[in-house]
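Trainee: The working numbering applies: residue 266 is where the sequence shown begins, and numbers increase by one.
Take a look at this one; I'll ask things after.
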Amino acid sequence: IHFLEQKDQMTDENILQLPDEFENDFLNLNDSASEHQQVLLAAMKMDVRHFISNVLAVKVLWQRIKQGNKEIPDNITPMTTTYPSLHRDHGVAVRGGISAVLITFIVTGVWILSGWKAGFMMAQIGAVTACILTALDNPVPVLRIFIWGSVASAVLVFIYAFGIFPHVTTFWELGLVLLPMFLFAVSMMANQALMPVGMVLGINTMMGLNLHNAYSMDAVS
């Protein structure tokens, strides 16, 4: 904080300047940390370094503005900088957009024609799934995970709706019975390989339970 509050006249080179004890402090912390903690320390060191650079960049820009200088320093990348254009597969984008529109129209049509009261969920999930899968070169594995996750979510919703919720009368009981399932689903999201499964289980189960302020289970629909 003392380093950032300094009142000295700043130059463009000061933007990348760090406190003298910056490296030593993190080295000392690193020596007394475990391997997992060292990973967190490395991430924190990077964030602190970026924070200091951003603060100094703002101070340099403000100093220039007060001096009537509107030019951006060379070591600050302006928003107008043009970068090399990356390859963009417009064909995939067009096919993905068309498929997302078709899926939305199809599931919405089924919802309207069938008169299914909860058909809005099918339209919502169909549109979201189509948008997610169109960004993948090979959507089959993810689609398979989504299908099996949806089946598992339907089983969980059935168990909760007919086996557990009839015995729940207070809010704390509701939180208690939901905790194991959603804690399990959220914990899976921390693992990159299990993240799709956890996301499908958590989102589909919560939407299937249709929780709101007043309990009104419509088992027929």
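The beta carbon of each residue, even a glycine, is placed where N, CA and C say it ideally should be.
Given the structure is predicted, the values throughout are model-derived calculations rather than measurements.
By Cβ distance below 8 Å, which residues in the same chain neighbour I377 in space, the five residues on each side in sequence not counted?
Mentor: G384
Trainee: Evaluate contact between the region 460–472 and the region 410–427, counting only Cβ atoms and requiring at least three cross-stretch pairs below 8 Å.
Mentor: yes
Trainee: Pop quiz: L398 and P404 are said to be a contact at Cβ under 8 Å. What is the actual Cβ separation, rounded to whole angstroms?
Mentor: Correct: roughly 4 Å between the Cβ atoms.
Trainee: Determine the burial state of A322: buried for a count of at least 16 other Cβ atoms within 10 Å of its Cβ, exposed for fewer.
Mentor: buried
Trainee: What is the DSSP secondary structure of P284, reduced to helix, strand or coil?
Mentor: If DSSP states are grouped into helix, strand and coil, P284 belongs with coil.
Trainee: Taking buried to mean at least 16 other C-beta atoms within 10 Å of its own C-beta, is S418 buried or exposed?
Mentor: buried
Trainee: If I measure Cβ to Cβ from T369 and keep anything under 8 Å in the same chain, skipping five residues before and after, which residues do I get?
Mentor: A388, G391, A392, A395
Trainee: Just the Cα atoms here: how many angstroms apart are K382 and G428?
Mentor: Cα to Cα, the separation comes out at about 23 Å.
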